[in-house]
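Peer 1: In the working numbering, each residue carries its 1-based index in the sequence shown increased by 455.
Every residue, glycine too, gets a C-beta built ideally from N, C-alpha and C.
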Amino acid sequence: MNTSWMPDELVHAGPEHLDPGFVAGFDRKQGYPDPSDDIAELTAHGLGKDATVVDLGAGTGRFALAAARTFGRVVAVDVSPAMVASIEERAAEAGLARVETVQAGFLTYGHTGPPADAVHTRHALHQLPDFWKTVALHRIAELLRPGGVLRLRDLVYDFPPSRAAEVFEEWMSGAADDPALGYTAADYAEHIRTEHSTYRWLLEPMLDRAGFDIVRADFASGLYGAYTCVRR
Ligand SMILES: C[S@@+](CC[C@H](N)C(=O)[O-])C[C@H]1O[C@@H](n2cnc3c(N)ncnc32)[C@H](O)[C@@H]1O
């Protein structure tokens, strides 16, 4: 098959995510996000010690390492070799040898073993332009069992185009000053300019078309979406 039309996901991964120096300070910059709500959301859908959970765009493994204490099989997937190395180092330090790592992207990850019970992905899908999001969501649906759960968090725009400037202005006004301790106004501006956050009213039909029912959607600041979806 001619696959010359497939993008190189490393090129779209965000250059900072490939930089071991940035990766070393990544959790601090992000404010050490707490994955407990996401784990609780999956357990509320019946997932437990027998469950297989795949984390796509796993970063430094904050979700995957915590999830490995609750679920049977956890596969942490990231396109960045530096992120994968970081997960492996932290898993070894925590004695969590059960966390499997795979260096791959949304568009290339090949799931092995029984279909997954859940996919988690946080703040990573926006790396892909919309066409490629639909391909990624279709691939996620294919690796889940029917009734499997997608827990998706991302920067998703929940406002009409006419309010974009106003929402972005407010977002940037609350940004961090120190890039080591948080996302700065320049980081947010770069995100808007160069990454592919999409509108809620475009993302939700994509989820539907990929075969998901949205059973929960929570938004903060018109910018941060958290979805629980069930594969039909
Ligand atoms: C903002 S970070 C979020 C990391 C982690 N999910 C978290 O919430 O801490 C985005 C992650 O997505 C990864 N990434 C970027 N493009 C990707 C792709 N096409 N497939 C898989 N992972 C990707 C990056 O390497 C990075 O680790």
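1. When the Cα atoms are used, what is the spatial distance from GLY469 to GLN582?
2. Kindly confirm or deny that the stretch 557 to 576 and the stretch 618 to 638 touch, where touching means at least three C-beta pairs closer than 8 angstroms.
3. Just checking THR515 against ligand 1 - is the residue's beta carbon closer than 7 angstroms to any of the ligand's heavy atoms?
4. Could you tell me whether any non-hydrogen atom of ligand 1 is closer than 7 angstroms to the CB of GLU645?
5. Between ILE647 and the rest of its own chain, which residues show a CB-CB distance below 7 angstroms, the 5 nearest in sequence each way excluded?
6. Under 6 angstroms Cβ to Cβ from HIS467, same chain only, skipping five residues before and after it: list those, please.
7. Among the candidates ALA523, TRP460, ASP642, VAL532, whose CA atom is the shortest distance from the CA of LEU580?
8. Just mark HIS472 as buried or exposed, buried being the case when its beta carbon has 16 or more other beta carbons within 10 Å.
9. If you compare alpha carbons, which of GLU625, ARG655, GLU645, PRO616 is closest to ASP609?
10. Considering just the uninterrupted stretch of the alpha helix (DSSP H) at ALA619, what are its terminal residues?
11. Identify the continuous alpha helix (DSSP H) that holds ALA521 and give its terminal residues.
12. Between which two residues does the beta strand (DSSP E) holding TYR487 run?
13. Going residue by residue through the stretch 530 to 616, where are the continuous beta strand (DSSP E) segments of at least 3 residues, counting only ones entirely within it?
Peer 2: Let me lay it out:
1. 7 angstroms
2. No contact exists between the stretch 557 to 576 and the stretch 618 to 638.
3. yes
4. no
5. PHE623, listed in sequence order.
6. Same-chain partners within the cutoff: GLN582.
7. VAL532
8. buried
9. Here the closest residue by C-alpha is ARG655.
10. 619 to 628
11. 517 to 522
12. No beta strand (DSSP E) contains TYR487, which DSSP labels as neither H nor E.
13. 554 to 558, 571 to 577, 599 to 610
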